[in-house]
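With positions in the sequence shown counted from 1, the corresponding number in this note's numbering is that position plus 36. Positions of the beta carbon are idealized from the N, C-alpha and C atoms, including for glycine. Please read the structure below before turning to the comments.
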Amino acid sequence: MHAVSESGQAGAQHVPDLSTDAAARAVSAIGLMTVGIIHALEIPDQIGGAAWLTAGFCLIAVTAPGCGLWLLARPGPAAWLAGGALCLSVAAGYVLTRSVPLPGDPSDVGNWLEPLGMAALITEGMVVMLAGLALAAQVAMRARAGRQGAGQQGAGQHRDRQ
Numbered sequence: 037m038h039a040v041s042e043s044g045q046a047g048a049q050h051v052p053d054l055s056t057d058a059a060a061r062a063v064s065a066i067g068l069m070t071v072g073i074i075h076a077l078e079i080p081d082q083i084g085g086a087a088w089l090t091a092g093f094c095l096i097a098v099t100a101p102g103c104g105l106w107l108l109a110r111p112g113p114a115a116w117l118a119g120g121a122l123c124l125s126v127a128a129g130y131v132l133t134r135s136v137p138l139p140g141d142p143s144d145v146g147n148w149l150e151p152l153g154m155a156a157l158i159t160e161g162m163v164v165m166l167a168g169l170a171l172a173a174q175v176a177m178r179a180r181a182g183r184q185g186a187g188q189q190g191a192g193q194h195r196d197r198q
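Right, dumping it as structure tokens:
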């Protein structure tokens, strides 16, 4: 059985626009602020280590909450992309530092279950998933609008020929 959309097309389903959904934006903004706080809490432990890693933690501590505020103030694909990409890259950095020894930070290899790191990973994963869903909804809405516009244009050309 096919779902029928408001336009009467079989197989089409309504996809909610998560990019402007207040709950999705709030959860993601809280997640981004949490990621920033976690990294701010880790800065004192990083100061004695590699300068590049300390700078990265400081940058994340400022940038993640900034992305969260951007998402609340001006929701749109760019804000979702920034928040999702930031969390994805931070999570990838966690995996990298636990997988191979890096200059100035060889001691984290194998330290997978560090509590704040795990909390950050879970939160980053949530933000990445919501950002992916919000961006996918945007793409689906644009594709649907393009098909409807092309269908209306084709119908208008058909009437002109009659």
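Here's the rule: buried if 16 or more other CB atoms are within 10 angstroms of the residue's CB, otherwise exposed. What is residue i?
{"i": "residue 137", "result": "exposed"}
{"i": "residue 148", "result": "exposed"}
{"i": "residue 159", "result": "buried"}
{"i": "residue 126", "result": "buried"}
{"i": "residue 151", "result": "exposed"}
Among the residues of its own chain, which have a CB less than 8 angstroms from the CB of residue i, if the five just before and after it don't count?
{"i": "residue 155", "result": "70, 74"}
{"i": "residue 169", "result": "54, 60"}
{"i": "residue 171", "result": "55, 113, 116, 117, 120"}
{"i": "residue 132", "result": "138"}
Does DSSP put residue i in a helix, in a strand, or in coil?
{"i": "residue 149", "result": "coil"}
{"i": "residue 86", "result": "coil"}
{"i": "residue 110", "result": "coil"}
{"i": "residue 55", "result": "coil"}
Per DSSP, which residues does residue i bridge with? Please list them.
{"i": "residue 141", "result": "138"}
Within its chain, find whatever has a CB closer than 7 angstroms to the CB of residue i; leave out the 5 residues flanking it on each side and keep chain order.
{"i": "residue 111", "result": "55, 56, 61"}
{"i": "residue 83", "result": "90"}
{"i": "residue 99", "result": "122"}
{"i": "residue 94", "result": "79"}
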